[in-house]
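Q: Quick one: this structure, given as structure tokens, is what I'll be asking you about.
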Amino acid sequence: MKKTWTKVVVVALSCMMAFMLAACGGGGSSDAGDAGAVLLGNTGPLTGPAAIYGNAVKNGGQLAVDEINAANPDGIQLAWQAEDDEADGEKAVNAYNKLMDDGMKVFIGSTTSGSCVAASEKAFEDRVFELTPSASQVAVTEGKDNVFQLCFSDPNQGVAAADWIVANMADAKVGVIYNNASDYSAGIFDKFKAEYEAAGKKLVAVEAFSDDANTDFQAQINSMKNAGADFVFLPIYYTPASNILIQADKIGYAPTFFGVDGMDGILTLEGFDTSLAEGVMLLTPFIATAEDEATQNFVAAYKEAYGEEPNQFAADAYDCVYAVYKAMNEAGLDASASHEEICEALIAQFAGDFTASGVTGAEMQWNEAGEVNKTPNAMVIENGVYVPVK
Amino acid sequence: MAEKLLKIKKINTRGFKNLVRGNDYRKEATISYAILVGGYLVLQLLTAAGLIGHNLQGQFVPICVYISLAVSLNLVVGISGELSLGHAGFMAVGAFSGILMSRILGNGMSFEPLIIIISMLFGALMAALAGFIIGIPILGLRGDYLAIVTLAFGEIIRNFMNVLYFGLDDGKLRFAFNHTIDGIDNNERIITGAIGATGTKTMATFTWGLLLCLFTVFVVLNLKNSKQGRAIMSIRDNRIAGESIGLDVRKYKLMAFVVSAALAGMAGCLFGLNYSTLVPVKFNFNTSVLILVFVVLGGVGNIWGGIIAAALLTVLPETFRQFADYRMLTYAIVLIVVMICTYNPAIKARVTGIWAKVNPFKKKRGGDKGKGKKSRKEAA
């Protein structure tokens, strides 16, 4: 008996040692993907509460890479690798460094903002070109010439939402429930409030909650109801938003709920009765039901590969890969270029008059600060699908 | 009188075994410093030789920070014998106040070592202050109750950070407590509530990490081996006996708690200076538990065990990246296996047996033993 135990322990320990050595010794090698392929790396929350975003980006990027490689066997070949960062800055830096060890040439950003700021600082130091699909905080691009965003920045979302409400819902009594423990939510709300009040309007009620208390919203909903708000802005992620919808329904409070891109995903939330989301509006650059050919093809291919409808994050990643591929071709780069060479060439492209069209926008352009210029669409949920607001 | 008694060291009368026991401090200190300095030199050499990838290099500073946190928490959990679940809270205080100080100093100063030292001292001071304020009301509690209250205070600190805003206005510091950043909107923001600190200049290096670890181990070991340390441990072992010989229980418990908080603040500061951004969510309950796991796995009260555990458990999840989806599962299984192995007497005896056979110091030890006998004979 004792001898068996010793064997087990010895085997376990030697396995551990082997893994550690393998991991330590892996430095400098670049064996990921096919030989001669340009490795695009991504870090995102593949586990944990925000995993839906991380996995969507992972899948969207993979789909685009597969399509490009299949369509252009003679052109630049791409490889795609997504690492888990648990939406944590520290882990994101680790994941980024792992990608560098594996020979990453272009960084398709971190999926979430907080971790992206930490990782993009590294990308800036290492001179790796970065295009983030979905990290929307301003600090992601601030002061870094090689970092660009494909999504709207938080302030721009807040401003766009305020402008849209002022223009289309002039008489609405607007209330806000936001998450003051989330950088994303607080960032959008700050700019939304400033922009909305600059238009001479007043918010009738503002309530906050934090991540630790994101299941019971009775107090916030009653406050909205008592203030007579008939239009509630929810600049939050879809998980707490689903709780708000359920609890508002229970007390018979039915204002128009309005969200931003974080609301995307509410229809695919497990165990959520999607009929409660009927009439919810959101501002998003991507519509899975859009009629144009690019979107239709993307949605069909994504469904076939992963068995679900793509959300905005998948679309962002898909566009990122295509935009980088197009810019590399226009800059005349080939697969043998180093990440520094690619970085300088792509900065010149993106900061110049380079445009890319994709499923999240046509003729997207970037300014030198790294922000994208495209049009957001207001969507409403009808019969369980997004349709454009008429 | 009581304190005088504690001062008397054990007198060696029974050869080598007692000699070692009497020198527990020296042994523990030698092993701890050797691990730290040895590890540092080996890793620096390997880095210089280009054998270490970005991934591991990027973890040097966090590893040092976690070592320092584990050692400082050991002061409360192992030496003072109280379960604290709010260590991440003190880390947060140190991190944010340290970042604040570094940004203020960075405005007029360019000499980085001085900025780091002042920031770390300021972080330690603020964390010590927080530890003092929290320690006074709660250290009268015992056992589970103290654990629950420290947990709550850790969360309070984090939530406090969530509503705190700091900005610089032409070199003048401004702060606010709500989401509307009216007044400091157009100025240089340092800490922005839930968005945390962004734009921090990353100054932390591996060498600073080593210095932090050495300092932490130095403080903790010396406190442990001092008059006060023995008082703290005697209260841990038998509170009533300690009180009966006139020891001020609260004072000594507070001393351990505040020193531990200050060291955590220092570590937090270096952690903050290692990343360009830091969000308050980072310092949640999970981080407190993570540090406690380092301490428990390394052996409660065992300083060098904590050092090794902290370093290994920080690197481990990264080395499991090749398992992709099963990474965290593998990590959990390894944790459980290690816990079972280190606490199973049968396996422990087995390992000790193997170690006794292959121990390279065995001969030397035998020689010492012989000498001891000889000298005693001569004395006789």
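Residue numbers (the numbering used here), protein chains in the order written: chain U, 4 to 393; chain Z, 2 to 381.
Note that the Cβ used here is the ideal one computed from N, Cα and C, for glycine as well.
1. Nearest chain Z C-beta to Ile191 of chain U closer than 8 Å, yes or no?
2. Starting from the beta carbon of Gln60 of chain Z, find every residue of chain U whose beta carbon is closer than 7 Å, and list them in chain order.
3. Check Gly79 of chain Z in the structure and name its three-state DSSP category.
4. Could you tell me which chain Z residues have their CB closer than 9 Å to the CB of Asp87 of chain U, listed as they occur along the chain?
5. Residues of chain C with CB under 7 Å from Val120 of chain U, in chain order?
6. With 8 Å as the threshold, decide whether the Cβ of Glu189 of chain Z is near any Cβ in chain U.
7. Could you compute how far the alpha carbon of Pro391 of chain U sits from the alpha carbon of Ala163 of chain U?
8. Look up Ser213 of chain U in the DSSP assignment and say whether it is helix, strand or coil.
9. What does the Cβ neighbour count give for Trp356 of chain Z, buried or exposed, with the cut at 16 atoms within 10 Å?
10. Where does Gln323 of chain Z land, buried or exposed, given buried means 16+ other C-beta within 10 angstroms?
11. Give the straight-line distance between the Cα atoms of Val338 of chain Z and Phe321 of chain Z, rounded to the nearest whole angstrom.
12. Do Trp305 of chain Z and Glu29 of chain Z come within 8 Å of each other at the CB atom, strictly closer than that value?
13. Can you find at least 3 beta carbon pairs, one from the stretch 320–332 of chain U and one from the stretch 58–70 of chain U, that sit closer than 8 Å?
14. May I ask you to report which of helix, strand or coil DSSP gives Arg190 of chain Z?
15. So, for Ile348 of chain Z: in the same chain, excluding its five sequence neighbours on each side, which residues have a beta-carbon less than 6 Å away from its beta-carbon?
16. Suppose you measure from the CA of Ala325 of chain Z to the CA of Leu102 of chain U; what does that come to, to the nearest Å?
17. Could you compute how far the alpha carbon of Phe176 of chain Z sits from the alpha carbon of Ser103 of chain Z?
18. Quick one: is Asp214 of chain U near chain Z, going by C-beta distance under 8 Å?
19. Helix, strand or coil for Ala202 of chain U per DSSP?
20. Phe132 of chain U to Glu344 of chain U, Cα distance in whole Å?
21. So which residues of chain U does Lys283 of chain Z contact, with C-beta pairs closer than 8 Å?
22. If you drop the 5 nearest sequence neighbours on each side, which residues of the same chain put their C-beta closer than 6 Å to that of Ser156 of chain U?
23. Rounded to whole angstroms, what's the CA-CA distance from Leu122 of chain Z to Ala128 of chain Z? Just pull it up for me.
24. Cβ of Ile1 of chain Z within 8 Å of Cβ of Lys225 of chain Z?
25. Mind checking which residues open and close the beta strand (DSSP E) that includes Asn182 of chain U?
26. Using beta-carbon positions only, say whether Gly273 of chain Z and Ile100 of chain Z come within less than 8 Å of one another.
27. Any idea what DSSP makes of Val388 of chain U, helix, strand or coil?
28. Starting from Met367 of chain U and walking both ways along the beta strand (DSSP E), at which residues does that stretch end?
29. Check the C-beta distance from Phe127 of chain U over to Lys147 of chain U and give it rounded, since I have them as a contact under 8 Å.
30. Could you spell out the range, first to last residue, of the alpha helix (DSSP H) harbouring Glu307 of chain U?
31. Assign Met267 of chain Z to buried or exposed, taking buried as 16 or more other Cβ atoms, counted over all protein chains shown, within 10 Å of its Cβ.
32. Just the chain Z side, please: which residues come within less than 7 Å of Thr292 of chain U by C-beta, in chain order?
33. Does Ala96 of chain Z have its Cβ less than 8 Å from a Cβ in chain U?
34. If you follow the beta strand (DSSP E) that Ala74 of chain U is part of, which residue opens it and which one closes it?
35. DSSP on Glu3 of chain U, reduced to helix/strand/coil?
36. So what does DSSP say about Arg237 of chain Z, is it helix, strand or coil?
A: If we stick to the structure as given:
1. Closer than 8 Å: no.
2. Result: Asn97.
3. Gly79 of chain Z falls in the helix class under three-state DSSP.
4. Arg322, Ala325, Asp326, Arg328, Met329
5. Protein chains in the displayed structure are U and Z, and chain C is not among them.
6. For Glu189 of chain Z, the answer is no, since every Cβ of chain U falls outside 8 Å of its Cβ.
7. 16 Å
8. coil
9. The residue in question, Trp356 of chain Z, is exposed, as its Cβ has fewer than 16 Cβ neighbours within 10 Å.
10. exposed
11. 16 Å
12. yes
13. Enough Cβ pairs lie closer than 8 Å, so yes.
14. For Arg190 of chain Z, the three-state secondary structure derived from DSSP is strand.
15. Cys342
16. 13 Å
17. 16 Å
18. yes
19. coil
20. 9 Å
21. Asp91, Gly92, Glu93
22. Ser139, Val141, Glu374
23. 10 Å
24. Since the first residue of chain Z shown is 2 and the last is 381, residue 1 of chain Z is not available in this structure.
25. 177–182
26. In this structure, the beta-carbon distance from Gly273 of chain Z to Ile100 of chain Z falls below 8 Å.
27. strand
28. First-last of the beta strand (DSSP E) with Met367 of chain U: 364–369.
29. Between Lys147 of chain U and Phe127 of chain U the Cβ distance is about 4 Å, and since that is below 8 Å, they are a contact.
30. Run containing Glu307 of chain U: 296–309, per the alpha helix (DSSP H) assignment.
31. buried
32. Per Cβ cutoff of 7 Å: no residues; Thr292 of chain U is ~31 Å from chain Z at best.
33. It does not; no Cβ of chain U falls within 8 Å.
34. Not the beta strand (DSSP E): Ala74 of chain U falls in the alpha helix (DSSP H), residues 54–74.
35. Any answer about residue 3 of chain U is impossible in this case: the structure gives chain U only from 4 up to 393.
36. helix
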